[in-house]
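For what it's worth, the numbering used here labels the leading residue of the sequence shown as 121, then goes sequentially. Heads up, the beta-carbon is just placed ideally off N, CA and C, and yes, glycines get one too.
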Amino acid sequence: MNDCTLPILNAAHASVTFHIYSRPAESYSYVEADRERGHCIAGFGKSGVDIRLSSESEEAYSRGGEHLEALKQASGIESKVKVKTRSRTPITKIRKVWRLYVLIALPVLYIIIFKYVPMYGAQIAFKDFIVTKGISGSDWVGFKHFVRFFNSYEFWRIMNNTIILSVYSLVAGFPFPILLALCLNYVKNQFFKKSVQMITYAPHFISVVVMVGIILELLDPRNGIVNTVIKGLGFAPVSFMGTPEYFKSIYVWSGIWQSVGFSCIIYLAALASIDPSLHEAAVVDGANKVQRMWHIDLPGIMPIAIIMLIMNTGHMLDIGFEKVLLMQNPLNIRTSEVIDTYVYKVGLASQAMNYSYSSAIGLFKSVINLILLLLVNKIAQKTKQASLW
């Protein structure tokens with residue numbers, strides 16, 4: 121058996137193994153390219169051989185192939201050498217990382233069972249659904265329920281309220297977590313920083329029912345703290361919850377108060393991943409904190425911010441009926457009725473139980489959300505900052 125040692129150039133990215141199967145079997149030898157030491161050791165049998173190289177890197181394949189001729193000449197192997205490259209099949213790749221697939225199995229099952237399987241019932245939006253007949257037995261009516269909703273006298277009022285609340289919430293609420301994260305990132309006093317984080321995170325864990333109860337107590341026209349202060353200043357008390365014009369602002373700013381602390385966590389994590397040497401170089405160049413925020417921090421978290429903006433836009437019309445329904449009363453319903461509360465009332469709360477009609481409205485809302493998501497994601501792709509796909 122002849123042995124040789126030859127250098128391998130540019131093999132730092134992957135390890136290459138040449139398996140040489142000799143005939144007869146007892147003359148087995150091998151060639152190994154070592155990534156760490158940067159060389160390969162070749163041992164060859166006296167009979168004809170088959171050389172098989174295995175690696176995860178195509179670059180390693182090519183680098184290894186460049187040295188096959190030199191290996192053959194150094195070891196005295198004849199030129200008729202059969203070289204086989206072993207490709208990795210999908211099953212082989214899955215076996216290598218099977219633990220990761222086990223981890224994602226439950227989330228995938230959850231999404232399939234609770235997100236995709238219910239889509240089968242979306243067809244009742246195009247039927248006159250009758251419970252006794254079931255989904256498959258109900259009659260098809262096409263776009264009847266969609267036309268009914270578009271022609272209803274409540275359509276424009278509901279859409280107007282929903283769009284205004286959605287845009288108001290997005291424009292007012294989106295920058296606050298970023299600003300809070302930027303400010304906390306420069307706080308040196310850890311006790312103060314942790315205290316602010318705890319105070320701002322806590323409202324997120326308050327249920328909607330409790331939060332609305334707090335709002336009603338604070339804004340009570342007779343005994344509420346806000347009106348007590350107003351009366352103490354010599355002004356007449358204000359019925360905030362009974363005035364339609366105040367509803368949207370109360371809804372939006374109470375939502376910001378509840379979510380701003382928890383939403384800033386992802387931005388704090390993004391800021392922590394920024395290379396500290398960039399800040400060190402900026403300080404040496406005389407940059408102040410505002411300049412460092414503008415030129416280092418904001419560009420660093422911009423991809424995350426764009427992704428969050430895309431996802432928030434995809435839920436543009438999802439106001440959620442719980443909070444609105446709890447804050448709603450006959451005095452402010454003119455500005456508080458949105459798609460979700462309307463669907464709840466016509467689909468479940470009414471005696472008629474218009475399942476098909478409410479499903480058509482919900483499907484219409486989902487289609488609009490999907491269009492907005494695709495549109496904003498396409499715009500984000502043009503900026504080349506970040507996108508969902």
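Q: Would you decide whether Gly262 is buried or exposed? Buried here means 16 or more other CB atoms lie within 10 Å of its CB.
A: Answer is exposed; the Cβ neighbour count stays below 16.
(Q) In whole angstroms, give me the CA-to-CA distance for Ala292 and Ser369. (A) Going by C-alpha positions, Ala292 is about 10 Å away from Ser369.
Q: Look at the alpha carbon of Ile283 and the alpha carbon of Glu400, and state the distance between them as a whole number of angstroms.
A: Ile283 and Glu400 have their alpha carbons spaced roughly 45 Å apart.
(Q) Looking at the strands, I want to know which residues DSSP matches up with Lys247. (A) Secondary-structure assignment with DSSP links Lys247 through a beta bridge to Trp260.
Q) Taking contact to mean at least 3 C-beta pairs separated by less than 8 Å, is the region 342–361 in contact with the region 412–428? A) Too few Cβ pairs lie closer than 8 Å, so no.
**Q.** Euclidean distance between Cα positions of Leu336 and Phe360
**A.** Going by the C-alpha atoms only, they are around 9 Å apart.
Q: Tell me whether Tyr462 is buried or exposed, calling it buried when 16 or more other Cβ atoms sit within 10 Å of its Cβ.
A: Under this definition Tyr462 is a buried residue.
Q | Run of the alpha helix (DSSP H) containing Val410, from where it starts to where it stops | A | In the DSSP assignment, Val410 falls within the alpha helix (DSSP H) that extends over Lys409 to Arg412.
Q: Assign Lys253 to one of two classes, buried (16 or more other C-beta atoms within 10 Å of its C-beta) or exposed (fewer than that).
A: Exposed, because fewer than 16 other Cβ atoms sit within 10 Å of the Cβ of Lys253.
Q: Report the residue from Ala506, Gly375, Phe367 and Asp340 whose alpha carbon sits nearest the alpha carbon of Val358.
A: Of Ala506, Gly375, Phe367 and Asp340, the residue nearest in Cα terms is Asp340.
Q.
Looking at the secondary structure, which residues open and close the alpha helix (DSSP H) in which Tyr472 lies?
A. In the sequence as displayed, the identity of residue 472 is Ala instead of Tyr. Where Ala472 is concerned, there is no enclosing alpha helix (DSSP H), given that its DSSP letter is neither H nor E.
Q: Taking 8 Å as the threshold, find out whether the region 389–407 comes into contact with the region 463–474 through three or more Cβ pairs.
A: With the cut-off at 8 Å, the region 389–407 and the region 463–474 do not touch.
Q: Compare the C-alpha of Gln411 against each of Ser315, Tyr306 and Pro297 and name the closest.
A: The shortest Cα separation from Gln411 among Ser315, Tyr306 and Pro297 belongs to Tyr306.
Q) Considering Gly420, what are the terminal residues of the alpha helix (DSSP H) in which it resides? A) For Gly420, the enclosing alpha helix (DSSP H) covers residues Leu418 to Gly434.
Q. Where do the N-terminal and C-terminal ends of the alpha helix (DSSP H) with Arg317 fall, by residue?
A. Reading the sequence as shown, one finds Gln at residue 317 and not Arg. Counting along the chain, the unbroken alpha helix (DSSP H) around Gln317 starts and ends at Gln310 to Tyr321.
**Q.** Length of the line joining the Cα atoms of His265 and Lys247
**A.** Our two residues, His265 and Lys247, have alpha carbons roughly 8 Å apart in a direct line.
**Q.** Local Cβ density within 10 Å of Gln310, reported as buried at 16 or more and exposed below that
**A.** Counting of Cβ neighbours within 10 angstroms places Gln310 among the exposed residues, the total staying below 16.
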